[in-house]
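Enquirer: So in our numbering, spot 304 of the sequence shown is number 304, and the numbers just go up one at a time.
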Amino acid sequence: MLEVTALPLAELRARTSEKWREYPDDVLPLFVAETDFPLAPAITAALQRAVAAGDTGYVASRTPLADSYAAFARRRFGWDPDPGRMRSTADVSMGIVEILRRVVAPGERVIVTTPVYPPFFELVTEAGGVVERVPLRDTGTGWELDVDGIRSALDDGARAILLCNPHNPTGTVHSRDSLAALAALADEYGVAVVSDEIHAPLVQPGTAFTPFLSVNDAARRVGYAVVSASKAFNLAGLKCALMVTASEETTAIVRRLPVEVEWRTGQFGLLAAVAAFSEESDVWLDGLLHTLDRNRRLLADLLAEHLPGARYRIPDAGYLAWIDLTALGWGDNPARRILQDAKVALHYGPAFGTEGAGHVRLNFGTSPEIITDAIERIAALVGR
Ligand SMILES: Cc1ncc(COP(=O)(O)O)c(C=O)c1O
1 MLEVTALPLA ELRARTSEKW REYPDDVLPL FVAETDFPLA PAITAALQRA
51 VAAGDTGYVA SRTPLADSYA AFARRRFGWD PDPGRMRSTA DVSMGIVEIL
101 RRVVAPGERV IVTTPVYPPF FELVTEAGGV VERVPLRDTG TGWELDVDGI
151 RSALDDGARA ILLCNPHNPT GTVHSRDSLA ALAALADEYG VAVVSDEIHA
201 PLVQPGTAFT PFLSVNDAAR RVGYAVVSAS KAFNLAGLKC ALMVTASEET
251 TAIVRRLPVE VEWRTGQFGL LAAVAAFSEE SDVWLDGLLH TLDRNRRLLA
301 DLLAEHLPGA RYRIPDAGYL AWIDLTALGW GDNPARRILQ DAKVALHYGP
351 AFGTEGAGHV RLNFGTSPEI ITDAIERIAA LVGR
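As structure tokens, this is what we get:
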């Protein structure tokens, strides 16, 4: 197993991205979804080649990206998407907005399953839609889609579903059964499902990831997947994502998007994504998953030891931990006090929807030392 180890703090502080520039140096930044690992070697090599050659123009109209993603999906998920039914764009957010614009009329409602990645609220609005919240159901051991709640919202006139699979912030990997139920419902009501699968490469071994479009014919009729290498391989600033479809009708909708949507793909993003999806990067991704597996368990141990009031379920995917701190009595938005007094920056729970009251989201895509320091700093506030 390749060891994928986070960079030391001093090196990370030399980075100039949002994670490292939002707060002063006395704050440990565990908020935004960037990771602290070096790049996968194939990505570094591809970007170095491009810099050396001054290969910094527009993306070409014919690139290996779709084939490269299809091969990745085959190897990693056992899914065989058709490269002829994919188009690139700058990022997952843009793909979601552009698709939603075509599948809902202004003022129509789009279902989101809260607590959810906060920009979803804005993306729906940007596309002209209105957010309809159908919270995830807490099963006692995890979370799942509330299929009955979604049916009620559709009965009430909602026209699309913006799915997050795997789910941010809970790390839930939706089961094939719940996705099949969702697809059947969407098909029955004739509404679209836009499936954000940005965290899919980060599903841990032992949990099966089900791409929405692989579920059944109903899913292929109603579904659009938006995928990217950007979360797993930390490429968010380079701007590249893919919109994937699997039926004549949905493919036609994506094909009709203005060519400008595709032109916004970043050249570096595309080169990096092709390298990320290549077989050469599998060993790095496996190493990353191993590191994240250790971190998600370390966090459970640290919370049990230092913050026994915290409620945390080990996520099945990703590097984001959804932690309920209600028992500590630090109010609806505990991250505020934690930032001010412990100098640890976490994502604010209430930003994910009202279900996020009392919660924080912590990014453990970093070193065990930083995770440990963060939890010890937070624990020092207890009783103060
Ligand atoms: C679920 C989800 N979707 C989309 C994004 C943003 O992706 P992009 O930068 O490609 O727009 C994130 C970023 O963390 C995310 O967690």
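Yeah, the Cβ is synthetic: ideal placement off N, Cα and C, and Gly gets one too.
For Thr56, which of Ser214, Tyr312 and Thr265 has the nearest alpha-carbon?
Expert: Start at 1 with the first residue of the sequence shown, and residue 56 comes out as number 56. Considering only alpha carbons, the answer is Thr265.
Enquirer: Could you please give the first and the last residue of the uninterrupted beta strand (DSSP E) stretch that includes Leu163?
Expert: As a first step, residue 163 is located in the sequence shown; it is residue number 163 there, counting from the start. Start and end: Ala160 to Cys164.
Enquirer: So which residues put a beta carbon under 7 Å from any heavy atom of ligand 1, going in chain order?
Expert: Ala33, Asp91, Val92, Ser93, Met94, Tyr117, Pro119, Cys164, Asn168, Asp196, Ile198, His199, Ser228, Ser230, Lys231, Ala236 and Ala241
Enquirer: Anyone know if the C-beta pair for His174 and Leu145 falls short of 8 Å?
Expert: Numbered from its first residue, the sequence shown carries residue 174 at position 174. Numbered from its first residue, the sequence shown carries residue 145 at position 145. The answer is yes: Cβ separation under 8 Å.
Enquirer: Whose C-beta lies closer than 7 Å to the C-beta of Leu298 among residues of the same chain, with five residues either side of it excluded?
Expert: The residue labelled residue 298 in the question sits at position 298 within the sequence shown. For Leu298, where only same-chain residues beyond five positions count, the Cβ hits under 7 Å are Pro368 and Ile371.
Enquirer: Find the nearest neighbour of Ala246 within the set Arg255, Leu238 and Ala374, judged by alpha-carbon distance.
Expert: In the sequence shown, residue 246 corresponds to position 246, counting from 1. Comparing Cα-Cα distances from Ala246 to each of Arg255, Leu238 and Ala374, the minimum goes to Arg255.
Enquirer: Taking 8 Å as the threshold (C-beta atoms), are Ala52 and Leu271 in contact?
Expert: Locating residue 271 in the sequence shown gives position 271, where the first residue counts as 1. Locating residue 52 in the sequence shown gives position 52, where the first residue counts as 1. The Cβ atoms of Leu271 and Ala52 do not sit closer than 8 Å to each other.
Enquirer: Taking the DSSP output, what are the residues bridged to Trp330?
Expert: In the sequence shown, residue 330 corresponds to position 330, counting from 1. DSSP output for Trp330 lists no bridge partner at all.
Enquirer: I'd like to know if the segment 287-296 and the segment 72-83 are in contact, where contact means that at least 3 CB-CB pairs between them fall below 8 Å.
Expert: no
Enquirer: Report the rounded CA-to-CA distance for Ala351 versus Tyr224, giving the unit in angstroms.
Expert: The residue you call residue 351 lines up with position 351 of the sequence shown. The residue you call residue 224 lines up with position 224 of the sequence shown. Those two C-alpha atoms are separated by around 26 Å.
Enquirer: Using only alpha-carbon positions, find the residue among Ile323, Trp20 and Leu65 that is nearest to Ala304.
Expert: Position 304 of the sequence shown, counted from the start, is the residue given in the question as residue 304. Checking every option, the nearest Cα to that of Ala304 belongs to Ile323.
Enquirer: CB Ala374 to CB Leu30, shorter than 8 Å?
Expert: What you label residue 374 is simply residue 374 of the sequence shown in a count that begins at 1. What you label residue 30 is simply residue 30 of the sequence shown in a count that begins at 1. Contact flag set, yes.
Enquirer: Have a look at Ala345, Ile378 and Asp316 and flag the residue whose alpha-carbon is nearest the alpha-carbon of Gln204.
Expert: Stepping through the sequence shown from its first residue, residue 204 is reached at position 204. That would be Asp316, whose Cα lies nearest to the Cα of Gln204.
Enquirer: Measuring CA to CA, which of His347, Gly142, Asp148 and Arg159 is closest to Gly128?
Expert: Along the sequence shown, read from residue 1 onward, the residue named residue 128 stands at position 128. Selected option, being the one with the closest Cα: Arg159.
Enquirer: Would you grab the beta carbon distance between Leu325 and Ala310 for me? Rounded to a whole angstrom, and I think it's under 8 Å.
Expert: On the sequence shown, residue 325 is found 325 positions in, with the first residue counted as 1. On the sequence shown, residue 310 is found 310 positions in, with the first residue counted as 1. Yes, they are in contact, since the Cβ atoms of Leu325 and Ala310 sit about 6 Å apart, within 8 Å.
Enquirer: Please give me, in chain order, every unbroken run of the alpha helix (DSSP H) with length at least 4 that falls completely inside the segment 16-88.
Expert: If we require 4 residues or more, the alpha helix (DSSP H) runs fully inside the segment 16-88 come out as 18-21, 41-53 and 65-77.
Enquirer: Measure the Cβ-Cβ separation of Arg109 and Gly157 and say whether it is below 8 Å.
Expert: Here residue 109 is taken as the residue at index 109 of the sequence shown, counted from 1. Here residue 157 is taken as the residue at index 157 of the sequence shown, counted from 1. Closer than 8 Å, so yes.
Enquirer: Since Ala181 contacts Asn216 with CB under 8 Å, what's their CB separation in whole angstroms?
Expert: As a working mapping, residue 181 is identified with position 181 in the sequence shown. As a working mapping, residue 216 is identified with position 216 in the sequence shown. Contact flag wrong, Cβ pair sits at about 11 Å.
Enquirer: Between Pro64, Ala10, Pro308 and Glu355, which lies nearest to Gly269 when the distance is taken from Cα to Cα?
Expert: Against the sequence shown, residue 269 aligns to sequence position 269. Answer by Cα proximity: Pro64.
Enquirer: Is DSSP giving His306 helix, strand or coil here?
Expert: In the sequence shown, the residue the question calls residue 306 occupies position 306. It is helical.
Enquirer: By a C-beta neighbour count over all protein chains shown, 10 Å radius and 16 as the cutoff for buried, is Pro115 buried or exposed?
Expert: Along the sequence shown, read from residue 1 onward, the residue named residue 115 stands at position 115. By the 10 Å Cβ count, Pro115 comes out buried.
Enquirer: Since Glu376 is in the alpha helix (DSSP H), which residue starts that stretch and which ends it?
Expert: Stepping through the sequence shown from its first residue, residue 376 is reached at position 376. Taken as a continuous stretch (DSSP letters only), the alpha helix (DSSP H) holding Glu376 covers Pro368 to Ala379.
Enquirer: What is the DSSP secondary structure of Ile323, counted as helix, strand or coil?
Expert: Numbered from its first residue, the sequence shown carries residue 323 at position 323. Looking at Ile323 - three-state DSSP - the assignment turns out to be strand.
Enquirer: Suppose only complete runs of 3+ residues qualify. What are the beta strand (DSSP E) ranges in the segment 189-259, listed by chain order?
Expert: Those beta strand (DSSP E) runs which fall completely within the segment 189-259 and span 3+ residues are 192-196, 223-227 and 241-244.
Enquirer: Do the segment 226-239 and the segment 272-281 make contact, defined as three or more Cβ pairs closer than 8 Å?
Expert: Contact between the segment 226-239 and the segment 272-281 is present, because at least three Cβ pairs lie under 8 Å.
Enquirer: Would you call the CB atoms of Ala252 and Val222 closer than 8 Å?
Expert: Indexing the sequence shown from 1 puts residue 252 at position 252. Indexing the sequence shown from 1 puts residue 222 at position 222. Their beta carbons are not under 8 Å apart, which means Ala252 does not touch Val222 by this criterion.
Enquirer: Give the straight-line distance between the Cα atoms of Glu197 and Gln340, rounded to the nearest whole angstrom.
Expert: Stepping through the sequence shown from its first residue, residue 197 is reached at position 197. Stepping through the sequence shown from its first residue, residue 340 is reached at position 340. Across the structure, Glu197 and Gln340 are spaced so that their CA atoms are roughly 34 Å apart.
Enquirer: Taking 8 Å as the cut-off, decide whether the C-beta atoms of Trp143 and Thr125 are in contact.
Expert: For the purposes of this step, residue 143 is identified with residue 143 of the sequence shown, where counting begins at 1. For the purposes of this step, residue 125 is identified with residue 125 of the sequence shown, where counting begins at 1. Not a contact, by the Cβ cut-off of 8 Å.
Enquirer: Should Ser281 go down as buried or exposed, given a rule of 16 or more other Cβ atoms within 10 Å for buried?
Expert: As a position in the sequence shown, residue 281 is number 281, starting the count at 1. Ser281 comes out buried.
Enquirer: DSSP on Asn295, reduced to helix/strand/coil?
Expert: Taking the sequence shown and counting its residues from 1, one reaches residue 295 at position 295. Here Asn295 carries a helix assignment [DSSP, helix/strand/coil].
Enquirer: Assuming Ala33 contacts Leu320 (C-beta within less than 8 Å), just tell me the rounded distance between them.
Expert: Your numbering for residue 33 matches position 33 in the sequence shown. Your numbering for residue 320 matches position 320 in the sequence shown. Contact check for Ala33 and Leu320: beta-carbon distance about 6 Å, within the 8 Å limit, so the pair qualifies.
Enquirer: What separation, rounded to the nearest whole angstrom, lies between the Cα atoms of Gly353 and Ser178?
Expert: Taking the first residue of the sequence shown as 1, we reach residue 353 at position 353. Taking the first residue of the sequence shown as 1, we reach residue 178 at position 178. Gly353 and Ser178: Cα-Cα distance of roughly 22 Å.
Enquirer: Pick from His347, Val191, Val360 and Asp301: whose alpha carbon is nearest that of Ala327?
Expert: The count along the sequence shown starts at 1 and reaches residue 327 at position 327. Measuring from the Cα of Ala327, the nearest candidate turns out to be Val360.
Enquirer: Tell me whether His174 sits in a helix, a strand or coil according to DSSP, three-state version.
Expert: Against the sequence shown, residue 174 aligns to sequence position 174. Assigned with DSSP and collapsed to three states, His174 falls in coil, not helix or strand.
Enquirer: Taking the alpha-carbon positions, what's the Tyr312 to Glu355 distance?
Expert: Start at 1 with the first residue of the sequence shown, and residue 312 comes out as number 312. Start at 1 with the first residue of the sequence shown, and residue 355 comes out as number 355. Straight-line Cα distance between these residues: approximately 15 Å.
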